[in-house]
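Trainee: In our numbering, the protein residues as written are 75 to 767. Cβ atoms here follow ideal geometry from the backbone N, Cα and C, with glycine treated the same way.
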Amino acid sequence: MKKIILIGLAMACFTMSYAQKQFFKAEKMVETGVYYYPEAWNPEQWDRDFKKMADMGFEFTHMAEFAWAQIEPTEGVYDFKWLDKALELAAKHNLKVIMCTPSATPPVWLTRKYPEVMVEMPNGQTAQHGTREQYSWSSPKYRELTTKVVEAMAKHYGNDKRIWGWQIDNEPSHYGTLDYSPAAQASFKVWLKKKYQTIDALNKAWGTPFWSGIYTDFSQIEIPNAGRQYSGNASPTSFVDFKRFNADECASYVSLQNTILHSIVSKSQFVTSNFMHGHTDVDPWRNKDLDFISYTMYPVAGYSDGVGEQGFRMGDPWRISYANDFFRPLNGVTGVMELQPGQVNWGTYNPQPYPGVIRAWLWNAFAGGLDFICSYRFRQPLYGGEQFHYGMVGTDGVTELSGGKQYSQFMKEMRDLRKLYTPNAQMPKEYAARKTALLYNADNVWETTIQPQTFQWNQVTHVTKYYSCIKTLSAPVDIIGEDRDLSSYPVVIAPAYQMVDRALIAKWTKYVENGGHLVLSCRTGLKDRDGHFFEAQWADAIVNLIGAKIALNDMLGAKMNAKVSYNGNTYLWNNWGDMLDPMAGTDTWATYADQFYAGKASVVHRKLGKGTVTYIGTDTDDGKLEKDVLKKVYESAGIGVKELPEGVMLNWRDGFWVAINYSSVNVTIDIPQNANILFGTKELTPAGVVVWK
Ligand code: GAL
Numbered sequence: 075m076k077k078i079i080l081i082g083l084a085m086a087c088f089t090m091s092y093a094q095k096q097f098f099k100a101e102k103m104v105e106t107g108v109y110y111y112p113e114a115w116n117p118e119q120w121d122r123d124f125k126k127m128a129d130m131g132f133e134f135t136h137m138a139e140f141a142w143a144q145i146e147p148t149e150g151v152y153d154f155k156w157l158d159k160a161l162e163l164a165a166k167h168n169l170k171v172i173m174c175t176p177s178a179t180p181p182v183w184l185t186r187k188y189p190e191v192m193v194e195m196p197n198g199q200t201a202q203h204g205t206r207e208q209y210s211w212s213s214p215k216y217r218e219l220t221t222k223v224v225e226a227m228a229k230h231y232g233n234d235k236r237i238w239g240w241q242i243d244n245e246p247s248h249y250g251t252l253d254y255s256p257a258a259q260a261s262f263k264v265w266l267k268k269k270y271q272t273i274d275a276l277n278k279a280w281g282t283p284f285w286s287g288i289y290t291d292f293s294q295i296e297i298p299n300a301g302r303q304y305s306g307n308a309s310p311t312s313f314v315d316f317k318r319f320n321a322d323e324c325a326s327y328v329s330l331q332n333t334i335l336h337s338i339v340s341k342s343q344f345v346t347s348n349f350m351h352g353h354t355d356v357d358p359w360r361n362k363d364l365d366f367i368s369y370t371m372y373p374v375a376g377y378s379d380g381v382g383e384q385g386f387r388m389g390d391p392w393r394i395s396y397a398n399d400f401f402r403p404l405n406g407v408t409g410v411m412e413l414q415p416g417q418v419n420w421g422t423y424n425p426q427p428y429p430g431v432i433r434a435w436l437w438n439a440f441a442g443g444l445d446f447i448c449s450y451r452f453r454q455p456l457y458g459g460e461q462f463h464y465g466m467v468g469t470d471g472v473t474e475l476s477g478g479k480q481y482s483q484f485m486k487e488m489r490d491l492r493k494l495y496t497p498n499a500q501m502p503k504e505y506a507a508r509k510t511a512l513l514y515n516a517d518n519v520w521e522t523t524i525q526p527q528t529f530q531w532n533q534v535t536h537v538t539k540y541y542s543c544i545k546t547l548s549a550p551v552d553i554i555g556e557d558r559d560l561s562s563y564p565v566v567i568a569p570a571y572q573m574v575d576r577a578l579i580a581k582w583t584k585y586v587e588n589g590g591h592l593v594l595s596c597r598t599g600l601k602d603r604d605g606h607f608f609e610a611q612w613a614d615a616i617v618n619l620i621g622a623k624i625a626l627n628d629m630l631g632a633k634m635n636a637k638v639s640y641n642g643n644t645y646l647w648n649n650w651g652d653m654l655d656p657m658a659g660t661d662t663w664a665t666y667a668d669q670f671y672a673g674k675a676s677v678v679h680r681k682l683g684k685g686t687v688t689y690i691g692t693d694t695d696d697g698k699l700e701k702d703v704l705k706k707v708y709e710s711a712g713i714g715v716k717e718l719p720e721g722v723m724l725n726w727r728d729g730f731w732v733a734i735n736y737s738s739v740n741v742t743i744d745i746p747q748n749a750n751i752l753f754g755t756k757e758l759t760p761a762g763v764v765v766w767k
């Protein structure tokens with residue numbers, strides 16, 4: 075019986091990924107497109123613009139995500155004539171179209187007639203008309219009006235062969251604002267009641283005996299608002315629940331549209347949405363119901379110094395790779411729906427990207443297994459909130475900017491590469507042997523943000539630091555949820571996995587006993603799913619698994635440094651350190667070299683069954699300790715790694731190797747003598763790319 079269910083499940087998974095893959099032709103590997111806003115340009119220029127796109131090498135275009143006011147100029151009256159015309163002209167130039175639902179930008183008739191649909195910000199102010207994403211996911215009225223416009227669009231375009239697929243909304247999020255509107259307040263109560271059933275259960279989970287926080291009825295609860303709690307909050311768990319609720323509301327709003335579209339449009343049209351990479355208020359993984367989930371990506375906007383003096387023009391070397399590995403493993407399909415075209419306007423400062431780096435980003439997207447890449451945007455806007463934002467062409471509408479030229483070059487290279495495509499190329503053995511799963515759970519981000527314990531703690535930075543260490547050892551990575559099967563990954567890393575339950579620990583233990591190599595880092599296993607400590611010894615949940623007790627933890631100020639010794643080297647740290655007491659059979663790999671706990675273990679390692687467990691109790695800023703320890707984990711498991719120079723990315727895809735240099739200095743890539751170099755050379759300048767077979 076069990077076997078039959080398992081076979082059934084496997085078949086269901088197979089059918090699903092087959093169905094999702096059918097939107098893309100494997101031999102094309104990656105298809106490239108660009109955003110266009112017909113509603114913003116003189117209709118007489120549309121033909122010229124689409125022709126230019128096609129001449130540059132683009133294969134699809136993308137439209138309508140902000141055009142609700144033009145699609146439904148007055149309530150219930152739809153105007154598709156202009157969009158039909160744009161579609162016709164795109165098709166004339168052989169451009170497929172991604173059509174979008176326009177729900178991100180409600181028209182003024184809507185916001186004036188139904189003001190209750192607006193988000194209420196944490197300070198009690200209601201969001202204004204004239205921005206975007208200012209509607210409440212919880213508003214029944216907004217859901218009703220969304221349903222109508224999406225149905226109208228789906229009926230009009232659902233069987234149109236020119237439409238490749240659909241994008242729902244735009245970057246579903248509130249761009250960092252949380253919603254306290256009456257609709258959200260009401261929906262939160264319903265959500266809590268469904269989760270807890272009884273108010274006693276809620277009181278228990280929220281720990282309300284603390285500071286007299288006890289509730290006697292669900293109707294008394296309001297959304298926790300840090301801005302109104304000037305002396306800390308009684309219940310961190312209530313905040314985690316609000317974050318969970320917020321992410322669920324977003325997901326259910328996207329699902330509402332997905333269900334409408336799928337019930338009307340042809341099966342040959344895909345349905346996706348473009349989530350913002352790295353935005354943690356919402357959780358894209360909650361929308362597994364979409365055909366696939368795509369992401370948006372802007373590497374250079376003043377937020378990363380990158381590597382070396384010119385790094386700020388190239389971005390964090392692992393940003394695109396991380397997004398690829400975060401969105402692709404969900405169902406094997408993803409694409410970047412928006413990729414930065416050049417200088418942007420909304421960063422803390424907006425430098426020019428390094429010459430050639432846009433092409434490098436495109437190759438990075440290819441190398442990460444993406445099925446499509448779409449540039450944001452074709453023309454530089456002449457007016458509106460994004461005036462300084464580059465396009466593929468400049469303000470005259472015809473002159474290709476540097477980004478446009480780089481796209482053209484990449485698209486030409488991709489057409490050449492397709493000629494060398496071989497179906498079902500097998501991943502090279504030594505590369506596959508390093509396949510690593512990085513476990514992620516949004517709960518851990520939310521929980522540690524609410525109770526960081528040191529202002530220096532940043533869960534996302536901690537996770538991405540581990541990610542960059544693994545990539546520097548040139549391992550292929552899947553970032554996955556804890557529910558996924560781990561057995562195909564020789565190495566699994568769960569960084570600062572604070573919230574656990576006994577079932578998860580049992581799953582990890584079994585994974586190791588069967589031969590897996592598990593790495594855990596500081597803060598793992600401290601709390602249960604309600605965010606409570608275990609009523610047992612510290613970190614009791616993982617003590618037997620890691621073979622060590624955790625005596626205490628410490629942290630220092632940002633300008634101070636304490637020391638850890640490992641393999642004769644000294645490493646500096648100040649964010650978080652766990653002092654470990656290894657039990658019999660557990661080896662100490664690194665020890666604290668100063669402070670009152672000098673000599674205590676910082677990193678421990680043990681064999682368990684056929685596998686190993688390593689616990690890295692110290693969090694460093696530069697990640698050097700973590701990288702060196704991980705290297706030893708792979709090597710002592712008999713897995714060969716290839717350590718790359720800082721800022722260099724190496725990936726394999728469909729039979730091709732791609733290396734990119736994100737550093738500010740020239741590097742030499744180690745390429746086998748007999749390799750066939752297709753683009754570039756093994757000497758890579760900054761932003762250089764080399765592709766070989
Ligand atoms: C994205 C957004 C686009 C556009 C772009 C500008 O985050 O989805 O609509 O605003 O930024 O860089």
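Which value, in whole angstroms, describes the spacing of the CA atoms of G621 and Y666?
Mentor: Their Cα atoms are separated by approximately 18 Å.
Trainee: By Cβ distance, which residues of its chain are closer than 6 Å to V627, with the 5 residues on each side in sequence left out?
Mentor: Before going on, a small fix: residue 627 reads as Asn here, not Val. The residues are D652.
Trainee: Less than 6 Å separating the Cβ of Y450 from some heavy atom of the ligand GAL?
Mentor: Checking the Cβ of Y450 against the ligand GAL gives yes.
Trainee: Could you tell me the distance, in whole angstroms, from the CA atom of N320 to the CA atom of T185?
Mentor: Each residue's Cα considered, the two are about 22 Å apart.
Trainee: Whole angstroms are fine: how far does the CA of E207 sit from the CA of Q259?
Mentor: Taking the straight line from one Cα to the other gives about 18 Å.
Trainee: Between T694 and the ligand GAL, is there a pair consisting of the residue's CB and a ligand heavy atom that are separated by less than 6 Å?
Mentor: Answer for T694: no, Cβ out of range of the ligand GAL.
Trainee: Can you tell me the Cα-Cα spacing of A664 and P358, whole angstroms?
Mentor: Their Cα atoms are separated by approximately 37 Å.
Trainee: Looking at the ligand GAL, does it come within less than 6 Å of E113, judged from the CB to the closest heavy atom?
Mentor: Not under cutoff, so the answer is no.
Trainee: Taking K503 as the reference, which of G590, W726, Q271, A165 has the closest Cα?
Mentor: It is W726.
Trainee: Cβ atoms of N332 and F366: under 7 Å apart, would you say?
Mentor: No, the Cβ-Cβ distance between F366 and N332 is not below 7 Å.
Trainee: Jot down the residue ranges of each uninterrupted beta strand (DSSP E) in the segment 201-243, minimum 3 residues, whole runs only, in chain order.
Mentor: List check, beta strand (DSSP E) in window: 237-242.
Trainee: Taking 6 Å as the cut-off, is the C-beta of T370 nearer than that to any heavy atom in the ligand GAL?
Mentor: The answer is yes for T370.
Trainee: Pick helix, strand or coil for I288, following the three-state DSSP scheme.
Mentor: The answer is coil: DSSP assigns I288 none of H, G, I, E or B.
Trainee: Would you say W437 and V732 are within 7 Å of each other, going by their C-beta atoms?
Mentor: Contact flag set, yes.
Trainee: Mind checking whether the beta-carbon of N244 lies closer than 6 Å to any heavy atom of the ligand GAL?
Mentor: For the ligand GAL, at least one heavy atom lies less than 6 Å from the Cβ of N244.
Trainee: When burial is assigned at 16 or more other CB atoms within 10 Å of the CB, is D445 buried or exposed?
Mentor: Per the 10 Å Cβ criterion, buried.
Trainee: So N419 and E460 are supposed to be a Cβ contact under 8 Å. How far apart are they, rounded?
Mentor: Right, the Cβ-Cβ distance comes to about 5 Å (below 8 Å), so this counts as a contact.
Trainee: Below 8 Å on the Cβ atoms is my contact criterion, and I expect V703 with A434 to pass it. Report the Cβ-Cβ distance as a whole number of Å.
Mentor: V703 to A434, Cβ: 30 Å. No contact.
Trainee: Can you list, in chain order, the residues of its chain whose CB lies under 8 Å from that of E587, leaving out five sequence neighbours each side?
Mentor: Cβ within range, chain order: L682, G683, K684, G685.
Trainee: Determine the DSSP secondary structure at P497, reduced to helix, strand or coil.
Mentor: Three-state DSSP puts P497 in coil, outside helix and strand.
Trainee: Can you tell me the Cα-Cα spacing of A577 and S337, whole angstroms?
Mentor: In a straight line, the C-alpha of A577 is about 37 Å away from that of S337.
Trainee: So who's on the other strand from A16, going by DSSP bridges?
Mentor: Here the chain covers residues 75 to 767 and nothing more, so residue 16 does not appear.
Trainee: Under 6 Å Cβ to Cβ from V339, same chain only, skipping five residues before and after it: list those, please.
Mentor: A228, G232, listed in sequence order.
Trainee: With burial defined as no fewer than 16 other Cβ atoms inside 10 Å of the residue's Cβ, what is the status of L619: buried or exposed?
Mentor: The residue in question, L619, is buried, as its Cβ has 16 or more Cβ neighbours within 10 Å.
Trainee: Taking the runs of the beta strand (DSSP E) that are 3 residues or longer, which of them lie wholly in the segment 546-601?
Mentor: The qualifying runs are 551-554, 565-568, 591-595.
Trainee: Can we say the segment 505-518 touches the segment 294-306, given the rule of at least three CB pairs closer than 8 Å?
Mentor: Segments in contact, no.
Trainee: Three Cβ pairs or more, each shorter than 8 Å: is that satisfied between the segment 263-274 and the segment 191-205?
Mentor: With the cut-off at 8 Å, the segment 263-274 and the segment 191-205 do not touch.
Trainee: Can at least three beta-carbon pairs, one atom from the segment 162-176 and one from the segment 237-256, be found at a separation below 8 Å?
Mentor: Segments in contact, yes.
Trainee: Helix or strand or just coil, what does DSSP make of V623?
Mentor: According to the sequence as given, residue 623 is Lys; it is not Val. It is a strand residue.
Trainee: Could you tell me whether any non-hydrogen atom of the ligand GAL is closer than 6 Å to the CB of V551?
Mentor: No, the ligand GAL has no heavy atom inside 6 Å of this Cβ.
Trainee: On the three-state DSSP scale, how would you describe W115?
Mentor: W115 falls in the coil class under three-state DSSP.
Trainee: With a cut-off of 8 Å on the beta carbons, I'd call Y736 and G380 a contact; round off their distance for me.
Mentor: With 8 Å as the limit, Y736 and G380 qualify as a contact, their Cβ atoms being about 6 Å apart.
Trainee: Using the Cβ count rule (16 or more neighbours within 10 Å means buried), how would you classify V472?
Mentor: Counting Cβ neighbours within 10 Å, V472 comes out exposed, since fewer than 16 surround it.
Trainee: Here's the rule I'm using: 16 or more other beta-carbon atoms within 10 Å means buried, otherwise exposed. How should E218 be labelled?
Mentor: Answer is exposed; the Cβ neighbour count stays below 16.
Trainee: Since A733 sits in a beta bridge, which residues does DSSP pair it with?
Mentor: Note: A733 sits in a beta bridge opposite L724, V764.
Trainee: For the beta strand (DSSP E) containing H336, name the first residue and the last one.
Mentor: H336 -> not in any beta strand (DSSP E); alpha helix (DSSP H) instead, spanning 310-338.
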